[in-house]
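Here the working numbering is used: the first residue of the sequence shown is 2, the next is one more, and so on.
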Amino acid sequence: MNQTELTDFATRYAAAWSSQDPASLAAFYAEDGSLTVNEGNPSVGREAIAATAQSFMTAFPDMVVVLDEVTREDDQVIFRWIWTGTNIGPGGTGRAVRMTGHEAWTIGADGLITESTGHYDEAEYQRQLQPGGSTSDTTP
Numbered sequence: 002m003n004q005t006e007l008t009d010f011a012t013r014y015a016a017a018w019s020s021q022d023p024a025s026l027a028a029f030y031a032e033d034g035s036l037t038v039n040e041g042n043p044s045v046g047r048e049a050i051a052a053t054a055q056s057f058m059t060a061f062p063d064m065v066v067v068l069d070e071v072t073r074e075d076d077q078v079i080f081r082w083i084w085t086g087t088n089i090g091p092g093g094t095g096r097a098v099r100m101t102g103h104e105a106w107t108i109g110a111d112g113l114i115t116e117s118t119g120h121y122d123e124a125e126y127q128r129q130l131q132p133g134g135s136t137s138d139t140t141p
């Protein structure tokens, strides 16, 4: 993919995260693709990726993810994002969250993500969920 195609792909990917439709997000991945968040256990396969996306979408039903920047670094694509939402899902705190983070993608010859390793500041996320916590720019 050239830079224009990468930007389009990343913009559509961010929109899928914001869609409340986890299957639309999982469709960006190869059948056996994987998504790892903050060095946790990888979600492997579209069904598992959709389940991971659903957990975020349920906790933050007003979640919006936007593309900040997409770049190519060696054999990976780096997708930098800004995520906002209110934790009003079941058991939620009612607190607003604004986070920045990134995913490092490996993209296959078919144009689908074969591996995504994502990161955001977990401590900052937890702080924002607490009473008295406020949103801030958490650029890693």
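By construction, the Cβ of each residue, glycine as well, lies at the ideal position given by its N, Cα and C atoms. In this text the structure is predicted, and so the values were computed from the model without any measurement.
Inter-residue CB distance, Gly90 and Thr59 (contact presumed, cutoff 8 Å)
5 Å
I'd like to check one pair, Val78 with Leu130: are the Cβ atoms closer than 8 Å?
no
Inter-residue CB distance, Val67 and Ile83 (contact presumed, cutoff 8 Å)
5 Å
Cα separation between Pro132 and Val71?
34 Å
Find the nearest neighbour of Glu48 within the set Gln127, Ser25, Ala11, judged by alpha-carbon distance.
Ser25
Do Thr118 and Thr37 have their beta-carbon atoms positioned less than 8 Å apart in this structure?
yes
Complete runs of the beta strand (DSSP E) confined to the region 47–79 [at least 3 residues]:
65–74
So does Arg47 have its beta carbon nearer than 7 Å to some heavy atom of the ligand GDP?
Annotation note on the ligand GDP: not contained in the displayed structure, which lists no ligands.
Exposed or buried, what is Pro62 when buried is set at 16 or more other beta-carbons lying within 10 Å of its beta-carbon?
exposed
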